[in-house]
Amino acid sequence: MSSSFIDLRSDTVTKPTVEMYQAMSDAKVGDDVYGDDPTVLELQEMTATLLGKEAALFVPSGTMGNLICVLNHCSEFGSEMILGDECHIHLYEQGGCATLGRIHSRTVRTQSDGTLLLDDIEQQIRTAKDNDHFPQTKLVCLENTHNRMGGKVLTVEYIQSVGILCQQYGLKLHMDGARLMNAAVQLDIQPARLVECCDSISFCLSKGLAAPVGSLVVGTHDFIRRAKRLRKVLGGGMRQVGVLAAAGIISLTKMPKLLELDHQHAKLLAQGLSTIHGCEINPESDVQTNIVVFQLNPNKINIDAPTFATILKNEHQILVTVQGKFRCRFVVHYMISEENIEYVSQKVKQVLENNKK
């Protein structure tokens, strides 16, 4: 995509910083499948410490990270997991847990704040081993921040309450923490606080943290030992991958301080959108981090979301994600300036004004 475009489709579009490129060029490398890459080892140790866990494993993507964690927890034949009906694992990872792991998914309704009600989770748990009709519940999955719910943040207190429930039933708790650092910044706490009671975490470097590639699986030493075997069979074992891990180290040490500005810009964008005829969003309740989800009101305008996105792209060089017939999403990142935000607000207003009923 041309650099002249304002790309708000996702924070996955971020380019590595100059410092990342330099670190990649200077990286000390070895064969990571043998455990010999010093830069990967440094990144893994740094991430484990950051999240307050024993060990971490570098993997190519968040999808692979989540899959490895679920396969690890649900290794027994006939296992099932409980997760939200709007979560990334359920909607956007090609059903890999079922396809490759033969793991049954039992969904509960995702609330507007990204949480799953404790009663809803408990009602779905099936652990009676003497009942041959049911799969055996082994795992609960949460997502923080929550993508489909507009970057909503799960609090420490909520996550702990789910953790207590899991302990009562002997279940494991997995956190899809693709944007965990955004949650920590929004709450102004250390990320380790958010995963104290989690048995595993998948943590992404290539979204708002701007690394070109990579996620980390985090857990106990024994969990990571098994995760490494799973990574290998899934094709995720890489060789001189320190060139990528070097960028990840910069992501962890330099990029978190920029996330607060991303959140401010997202709020500014939402405030601008909220004043536009035919655009529906509440800046105070709908936007907590860097994701801005809004609805187009078909009673007020004559275009749907796909048409709106096409006009923004072709006429104004603005890229937006379409999430439904009238639902759109902007995701703010470090490459988006305040001037960009003002321009986007102006052009959205222009497009909708030109197509109002």
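For reference, each letter of the sequence shown is one residue, going 1 to 357 in the UniProt record's numbering. Using N, Cα and C, we set each Cβ at its ideal position, and we do this for glycine too.
Legend entry - Spatial distance of residue 1 from residue 157 (CA atoms): Here residue 1 corresponds to residue number 1 of the sequence shown, with the count starting at 1. Here residue 157 corresponds to residue number 157 of the sequence shown, with the count starting at 1. Note that residue 1 has pLDDT 49, beneath the 50 cutoff, so the model's placement of it is unreliable and the number below is only indicative. Roughly 41 Å separates the two Cα atoms.
Inset, instruction - Have a look at 249, 331, 337 and 285 and flag the residue whose alpha-carbon is nearest the alpha-carbon of residue 50. - result: As a first step, residue 50 is located in the sequence shown; it is residue number 50 there, counting from the start. Checking every option, the nearest Cα to that of residue 50 belongs to 249.
Inset, instruction - Please report the residue range of the beta strand (DSSP E) in which residue 154 lies. - result: As a working note, residue 154 is residue 154 in the sequence shown. Premise fails: residue 154 is in no beta strand (DSSP E) and is neither H nor E.
Legend entry - Sequence-distant residues of its chain with Cβ nearer than 7 Å to residue 239 (five each side left out): Numbered from its first residue, the sequence shown carries residue 239 at position 239. Counting only Cβ-Cβ distances below 7 Å, and skipping sequence neighbours, we find 31, 32 and 33.
Inset, instruction - Look up residue 103 in the DSSP assignment and say whether it is helix, strand or coil. - result: The residue you call residue 103 lines up with position 103 of the sequence shown. In this structure, residue 103 counts as coil in the three-state DSSP scheme.
Inset, instruction - Answer yes if the segment 63-71 comes into contact with the segment 223-240, meaning at least three C-beta pairs across the two stretches below 8 Å, and no otherwise. - result: yes
Legend entry - In DSSP terms, what residue 202 is bridged to: Position 202 of the sequence shown, counted from the start, is the residue given in the question as residue 202. DSSP, once it has assigned bridges, lists 176 and 217 as partnering residue 202.
Legend entry - Contained beta strand (DSSP E) runs [length at least 3] in the segment 106-170, N- to C-terminal order: 136-143
Legend entry - Pick from 254, 252, 277 and 281 that is closest to residue 266, judged by C-alpha positions: On the sequence shown, position 266 is the one that residue 266 refers to. Comparing Cα-Cα distances from residue 266 to each of 254, 252, 277 and 281, the minimum goes to 281.
Legend entry - residue 15 (DSSP reduced to helix, strand or coil): Locating residue 15 in the sequence shown gives position 15, where the first residue counts as 1. Looking at residue 15 - three-state DSSP - the assignment turns out to be coil, as it is neither helix nor strand.
Legend entry - 9 Å Cβ cutoff met for residue 256 and residue 184: Sequence index remark: in the sequence shown, residue 256 carries index 256 (1-based). Sequence index remark: in the sequence shown, residue 184 carries index 184 (1-based). In this structure, residue 184 lies closer than 9 Å to residue 256 by Cβ.
Legend entry - Pick from 237, 350, 322 and 285 that is closest to residue 278, judged by C-alpha positions: Numbered from its first residue, the sequence shown carries residue 278 at position 278. Of the candidates 237, 350, 322 and 285, the one whose C-alpha sits nearest the C-alpha of residue 278 is 350.
Inset, instruction - Assign residue 117 to one of two classes, buried (16 or more other C-beta atoms within 10 Å of its C-beta) or exposed (fewer than that). - result: The residue given as residue 117 occupies position 117 in the sequence shown. It counts as exposed.
Inset, instruction - Check each candidate in 290, 163 and 258 and name the one with the smallest Cα separation from residue 174. - result: Within the sequence shown, numbered from 1, the residue matching residue 174 stands at position 174. When each option's Cα is compared against that of residue 174, the closest is 163.
Inset, instruction - For the beta strand (DSSP E) containing residue 81, list its first residue and its last residue. - result: As a first step, residue 81 is located in the sequence shown; it is residue number 81 there, counting from the start. Annotation for residue 81: the continuous beta strand (DSSP E) segment containing it runs 79-84.
Inset, instruction - Please work out which residues of its chain come closer than 6 Å, Cβ to Cβ, to residue 264, disregarding the five sequence neighbours upstream and downstream, and give them in chain order. - result: Along the sequence shown, read from residue 1 onward, the residue named residue 264 stands at position 264. Closer than 6 Å at the Cβ level, and outside the excluded window around residue 264, lies no residue.
Inset, instruction - Give the DSSP-derived three-state secondary structure of residue 195 in the structure shown. - result: Indexing the sequence shown from 1 puts residue 195 at position 195. Three-state DSSP puts residue 195 in coil, outside helix and strand.
Inset, instruction - Could you tell me the boundaries of the alpha helix (DSSP H) in which residue 69 lies? - result: Along the sequence shown, one-based indexing puts residue 69 at 69. Where residue 69 is concerned, the enclosing alpha helix (DSSP H) stretches over 62-73.
Legend entry - Assigned secondary structure, residue 5 (DSSP; H/G/I helix, E/B strand, else coil): For this step, residue 5 is matched to residue 5 along the sequence shown. Three-state DSSP puts residue 5 in coil, outside helix and strand.
Inset, instruction - Evaluate contact between the segment 319-336 and the segment 3-19, counting only Cβ atoms and requiring at least three cross-stretch pairs below 8 Å. - result: yes
Inset, instruction - Report the option in 55, 103 and 181 whose CA atom is closest to the CA atom of residue 290. - result: Here the question's residue 290 lines up with position 290 in the sequence shown. The candidate whose alpha carbon is nearest that of residue 290 is 181.
Inset, instruction - Would you kindly work out how many angstroms separate the C-alpha atoms of residue 122 and residue 36, rounded to a whole number? - result: Taking the first residue of the sequence shown as 1, we reach residue 122 at position 122. Taking the first residue of the sequence shown as 1, we reach residue 36 at position 36. Cα-Cα distance, rounded: 44 Å.
Inset, instruction - With DSSP as the reference, please indicate the residues paired to residue 356 in a beta bridge. - result: Position 356 of the sequence shown, counted from the start, is the residue given in the question as residue 356. DSSP, once it has assigned bridges, lists 301 as partnering residue 356.
Inset, instruction - Using beta-carbon positions only, say whether residue 138 and residue 112 come within less than 9 Å of one another. - result: Locating residue 138 in the sequence shown gives position 138, counting from the first residue. Locating residue 112 in the sequence shown gives position 112, counting from the first residue. Annotated as distal: residue 138 and residue 112, with beta-carbon spacing of 9 Å or more.
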